[in-house]
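Undergrad:
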Amino acid sequence: MTLLQVQGLSVQARGRALVEDVDLTLAPGERLGLVGESGSGKSLTALAVLGLLPPGLTASGRVLLDGRPVIGQPDRALVPLRGAVAAMVFQDPRMALDPLMRLGDQLAVPLRRRAAREGRSMSRQDLRAAQVAALERVAIAEPARILDAWPHQVSGGQRQRVAIAMALACGPRLLIADEPTTALDVSTQAEVMALLDRLVRDEGLALLFISHDLPVVAGIADRVTVMARGRVVEEGPTAQVFHAPAQPYTQGLIAAARRLDAALGPGE
Amino acid sequence: MRRLTFRLGLVLLGLAFAVALTTLVWTPWPVEDMSGGRLAGPSWAHWAGTDRLGRDSLSQVMIGARIALMVGLGATLVGGLIGTVAGVLAGFAQRGLDDALAAALDILIAFPTLLLAMLVVAASETASLGTAILAIGLAMSAIIARLVRVVSKRVLAQDYVTAARCCGAGWLRIVLTHVLPNIAPTLLVALALQFGLAVIAEASLSYLGLGAPPPNASWGQLLQQAQATVYTAPLGVLVPGGALVLLVLAINFVADGLRDLLDDSAEVRE
Ligand SMILES: Nc1ncnc2c1ncn2[C@@H]1O[C@H](COP(=O)(O)OP(=O)(O)O)[C@@H](O)[C@H]1O
Ligand SMILES: [Mg+2]
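These protein sequence lines are chains A and B, in that order.
So for the first sequence, full-length UniProt numbering puts the first residue at 1; every next one is plus one.
So for the second sequence, full-length UniProt numbering puts the first residue at 1; every next one is plus one.
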């Protein structure tokens, strides 16, 4: 059975369509890239999948998450799906962590919820062990120090690792990563990409990877869906879309990335 | 400079609380004692003179401090609680309910505190400390709710709230772990400023006879009684008036100091 099925998804703001007639499917363990220029509707598509559109925006069409409908459902019907089926990592790690909570406390929330969901009781020591394990899983070197730190005390790369650890702590089968490396510097970007690649493989997760950068997506996704102005313009296996793009828009995206690579010079 | 006014404010406010608590067990003279002679000037026996019934002015002003703080704190508590709950609800509400709540708040804010107080007094048939607290608190709750609505919407739009909801957090969890802590600094400063305004409102209500009934010597009442003799015995106006100004000033100093303190700690987190 498909884990995520999106059919004819549209997102409207006061009559204006921001996303129109988008179709996506993801089987368990599959990796799908969602590419497009900034403003093409990628983030709204991802948020609509979880029923988390900002106020004022309405979704129509059909979204099935693990076979259960999302669109038109009350929040209380969606709460059990979130985290348990799909979890999300955001673009800017400075915004994705509460500045007034220690990192360990933030990480504890999904760990406890998952334990409760699975009917496990969790002692103080169990929790501490789970927190340390969660940080080790995302290759954080000094888990004990990071757990006691405030978000402003750690680097952007470390914050994004903690955000990834929090998403995984929910125990999802689908990870949605919305431009998770865009706000990071180049060397950290490569580390986080390698980390995501390994985690998704080790945990057998499905991945919906969103980026404006086609080469980055090509490195991690099996299939690619290209969006422009709220619509899907091209889709197919990564190699095909990358090497033989059918649409001028996609060709433009690839050419732009090549130009950027050339400008950065060899060895980037 | 800011640090200095903050400390001065804290000291004055502490003093006011100390005086207010002292009056529960001791005042220089019993309030009903009329042996001081009519409108006497300052003396060793009566530091601030006496009123037109021969009662000790200092004792009355001290009791007035207790009433000002009780009504001010009570109203701030009532206004803070109702306002925060209503504001957070409006922050979460869908379009229709949110619009209705926002309109209700605008209507409530358009009512002068004085008019609200009259309505509350009329509804409860007597003026008392309780009606003053309720009236001032209700008026304040609308202002606090409007502020809380805006700042909690701002918090709710943050990625960390979306991230928490992504992980399956319900709305109560979001309120308790994210919204309340993140609006607390703004709310605290607003409540401190409202506390000062509540003290002024209490004096105005009791000046008009809508506050606590005699013999509760509220500062507003003292001012009203001394008004007729302001030329012959100015001390009767200067002492409660000065006490009122000092207390409100102290509260505002503390509120401003609090704001600076919280701004500084927010900057560290940037
Ligand atoms: N809350 C909102 N209200 C109105 N328009 C929005 C809102 N959020 C995003 N948009 C608009 O929707 C379009 C798609 O946005 P988004 O999905 O964030 O793009 P992407 O993630 O591909 O960069 C953009 O034109 C953006 O301006
Ligand atoms: Mg986006």
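Positions of the beta carbon are idealized from the N, C-alpha and C atoms, including for glycine.
Quick caveat: nothing in here was measured; it's all calculated off a predicted structure.
Taking all protein chains shown into account, do 16 or more other C-beta atoms lie within 10 angstroms of the C-beta of Ile-109/B, making it buried, or fewer, making it exposed?
TA: The sequence position of residue 109/B within the second sequence is 109, counting from 1. Ile-109/B should be labelled exposed.
Undergrad: Is Leu-222/B near ligand 1, in the sense that its beta carbon is under 7 Å from a heavy atom of that ligand?
TA: The residue labelled residue 222/B in the question sits at position 222 within the second sequence. Leu-222/B: no, Cβ never under 7 Å from ligand 1.
Undergrad: At a cut-off of 7 Å, would you count Gln-158/B as near ligand 2, judging by its Cβ distance to the nearest heavy atom?
TA: Sequence index remark: in the second sequence, residue 158/B carries index 158 (1-based). Because no heavy atom of ligand 2 lies under 7 Å away, the Cβ of Gln-158/B does not count as near it: no.
Undergrad: Taking the alpha carbon of Leu-208/B as the point to measure from, which residue in Thr-50/B, Ser-35/B, Ala-117/B and Cys-167/B has its own alpha carbon closest?
TA: Counting from 1 along the second sequence, the entry for residue 208/B is found at position 208. The residue with the shortest Cα to Cα distance from Leu-208/B is Ala-117/B.
Undergrad: Helix, strand or coil for Ser-128/B? Go by DSSP, reduced to three states.
TA: Start at 1 with the first residue of the second sequence, and residue 128/B comes out as number 128. In the structure shown, Ser-128/B sits in coil (DSSP, three-state: anything other than H, G, I, E or B).
Undergrad: So the beta strand (DSSP E) Pro-55/A belongs to, where does it begin and stop?
TA: Against the first sequence, residue 55/A aligns to sequence position 55. Segment: none, Pro-55/A is in no beta strand (DSSP E) and carries neither H nor E.
Undergrad: So does Gln-160/A have its beta carbon nearer than 7 Å to some heavy atom of ligand 2?
TA: The residue labelled residue 160/A in the question sits at position 160 within the first sequence. For ligand 2, not one heavy atom lies less than 7 Å from the Cβ of Gln-160/A.
Undergrad: In angstroms, rounded to a whole number, what distance separates the CA positions of Arg-82/A and Asp-75/A?
TA: As a position in the first sequence, residue 82/A is number 82, starting the count at 1. As a position in the first sequence, residue 75/A is number 75, starting the count at 1. When rounded, the distance between both Cα atoms is 10 Å.
Undergrad: Enumerate in chain order the residues of its own chain whose CB-to-CB distance from Leu-262/B is below 6 Å, with the five nearest sequence positions on each side excluded.
TA: The residue given as residue 262/B occupies position 262 in the second sequence. Cβ neighbours of Leu-262/B beyond the five flanking positions: Pro-185.
Undergrad: Counting C-beta neighbours from all protein chains within 10 Å, is the total for Met-193/A 16 or more, i.e. buried, or is it exposed?
TA: Indexing the first sequence from 1 puts residue 193/A at position 193. Buried.
Undergrad: Can you tell me which of Ala-100/B, Ala-139/B and Ala-93/B puts its alpha carbon nearest to the alpha carbon of Leu-119/B?
TA: As a first step, residue 119/B is located in the second sequence; it is residue number 119 there, counting from the start. The shortest C-alpha separation from Leu-119/B is found at Ala-139/B.
Undergrad: Verify whether the separation of the beta carbon atoms of Val-49/A and Leu-65/A is less than 8 Å.
TA: Looking up residue 49/A in the first sequence gives position 49. Looking up residue 65/A in the first sequence gives position 65. Their beta carbons are under 8 Å apart, which means Val-49/A touches Leu-65/A by this criterion.
Undergrad: Scan the stretch 156 to 167 of chain B for residues whose Cβ lies nearer than 9 Å to a Cβ of chain A and list them as they occur along the chain.
TA: Cβ contacts with chain A: Leu-156, Ala-157, Gln-158, Asp-159, Tyr-160, Val-161, Thr-162, Ala-163, Ala-164, Arg-165, Cys-166 and Cys-167.
Undergrad: With respect to 7 Å, is the separation between the Cβ of Glu-118/A and the closest non-hydrogen atom of ligand 2 below this value?
TA: Taking the first residue of the first sequence as 1, we reach residue 118/A at position 118. No, the beta carbon of Glu-118/A sits no closer than 7 Å to any heavy atom of ligand 2.
Undergrad: If you measure between the beta carbons of Phe-209/A and Ala-221/A, is that distance less than 8 Å?
TA: Working through the first sequence from its first residue, we reach residue 209/A at position 209. Working through the first sequence from its first residue, we reach residue 221/A at position 221. Cβ atoms of Phe-209/A and Ala-221/A: closer than 8 Å.
Undergrad: Could you tell me which chain B residues have their CB closer than 9 Å to the CB of Asp-222/A, listed as they occur along the chain?
TA: As a position in the first sequence, residue 222/A is number 222, starting the count at 1. None at all; the shortest Cβ gap to chain B is about 24 Å.
Undergrad: Suppose contacts are defined by Cβ-Cβ distances below 8 Å. Is Gln-12/A in contact with Thr-58/A by that definition?
TA: Here the question's residue 12/A lines up with position 12 in the first sequence. Here the question's residue 58/A lines up with position 58 in the first sequence. Contact flag set, yes.
Undergrad: What residues come near ligand 1, if near means a beta carbon less than 5 Å from any of its heavy atoms?
TA: Cβ atoms closer than 5 Å to ligand 1 belong to Ala-13/A, Leu-18/A, Ser-38/A, Gly-39/A, Ser-40/A, Gly-41/A, Lys-42/A, Ser-43/A, Leu-44/A and Pro-54/A.
Undergrad: Can you tell me whether Asp-178/A sits near ligand 2, meaning its C-beta is under 7 Å from at least one heavy atom of the ligand?
TA: Here residue 178/A corresponds to residue number 178 of the first sequence, with the count starting at 1. Result yes, Cβ under 7 Å from ligand 2.
Undergrad: Under 8 Å Cβ-Cβ, which residues of chain B neighbour Met-95/A?
TA: Within the first sequence, residue 95/A is the residue found at index 95, counting from 1. Those are Gln-158, Asp-159 and Tyr-160, listed as they occur along chain B.
Undergrad: Who does Gln-225/B pair with in a DSSP beta bridge?
TA: For this step, residue 225/B is matched to residue 225 along the second sequence. Beta-bridge pairing links Gln-225/B to no other residue.
Undergrad: Have a look at Leu-129/B and Val-148/B and give me their C-alpha separation to the nearest angstrom.
TA: Mapped onto the second sequence, residue 129/B falls at position 129. Mapped onto the second sequence, residue 148/B falls at position 148. Taking the straight line joining both Cα atoms gives about 27 Å.
Undergrad: Is Leu-174/A closer than 8 Å to Leu-34/A when the C-beta atoms are compared?
TA: Counting from one through the first sequence, the residue named residue 34/A turns up at place 34. Counting from one through the first sequence, the residue named residue 174/A turns up at place 174. It is not a contact, given that the beta carbons lie outside the stated cut-off.
Undergrad: Taking the C-alpha atoms as reference points, what is the distance between Ala-163/B and Val-224/A?
TA: The residue labelled residue 163/B in the question sits at position 163 within the second sequence. The residue labelled residue 224/A in the question sits at position 224 within the first sequence. One C-alpha to the other measures close to 25 Å.
Undergrad: In chain B, which residues lie with their C-beta within 7 Å of the C-beta of Asp-92/A?
TA: Along the first sequence, one-based indexing puts residue 92/A at 92. Within 7 Å Cβ-Cβ: Asp-159.
Undergrad: Please list, in chain order, all residues of the same chain as Ala-135/B whose beta carbon is under 6 Å from its beta carbon, the five residues on each side excluded.
TA: Your numbering for residue 135/B matches position 135 in the second sequence. If we look at Ala-135/B and ignore the five residues flanking it on each side, its Cβ neighbours are Leu-116, Ala-117 and Val-120.
Undergrad: Tell me whether Arg-102/A sits in a helix, a strand or coil according to DSSP, three-state version.
TA: Translated into the one-based positions of the first sequence, residue 102/A becomes position 102. Three-state result, Arg-102/A: coil.
Undergrad: Put Ala-266/B into one of helix, strand or coil per three-state DSSP.
TA: The count along the second sequence starts at 1 and reaches residue 266/B at position 266. Three-state result, Ala-266/B: helix.
Undergrad: Run through chain A and tell me which residues come within less than 7 Å of Gly-170/B, C-beta to C-beta.
TA: For the purposes of this step, residue 170/B is taken as the residue at position 170 of the second sequence. What Gly-170/B touches in chain A: Val-79.
Undergrad: Where does Phe-6/B sit, in a helix, a strand or coil, going by DSSP?
TA: To locate residue 6/B, count along the second sequence from 1; it is residue 6. Three-state result, Phe-6/B: helix.
Undergrad: Can you name the start and end residues of the beta strand (DSSP E) that Ser-10/A belongs to?
TA: By one-based count along the first sequence, residue 10/A stands at place 10. That run of the beta strand (DSSP E) goes 4 to 13.
Undergrad: Nearest by alpha-carbon distance to Ala-65/B: which of Leu-24/B, Val-155/B and Leu-10/B is it?
TA: Within the second sequence, numbered from 1, the residue matching residue 65/B stands at position 65. Among Leu-24/B, Val-155/B and Leu-10/B, the Cα nearest to that of Ala-65/B belongs to Leu-24/B.
Undergrad: With a 10 Å radius around its C-beta and 16 neighbouring C-beta atoms as the bar for buried, classify Arg-165/B as buried or exposed.
TA: Your numbering for residue 165/B matches position 165 in the second sequence. By the 10 Å Cβ count, Arg-165/B comes out buried.
Undergrad: Between Leu-15/B and Phe-6/B, what straight-line distance do the alpha-carbon atoms span, to the nearest angstrom?
TA: As a position in the second sequence, residue 15/B is number 15, starting the count at 1. As a position in the second sequence, residue 6/B is number 6, starting the count at 1. Approximately 14 Å between the Cα atoms of the pair.
Undergrad: For chain A, check one thing: does any of its Cβ atoms lie closer than 8 Å to the Cβ of His-178/B?
TA: Against the second sequence, residue 178/B aligns to sequence position 178. Answer yes: the Cβ-Cβ gap between His-178/B and chain A drops below 8 Å somewhere.
Undergrad: Anything in chain A within Cβ reach of Arg-146/B, meaning under 8 Å, just list it in chain order.
TA: Numbered from its first residue, the second sequence carries residue 146/B at position 146. Within chain A, no residue comes near Arg-146/B; the closest Cβ sits about 18 Å away, beyond 8 Å.
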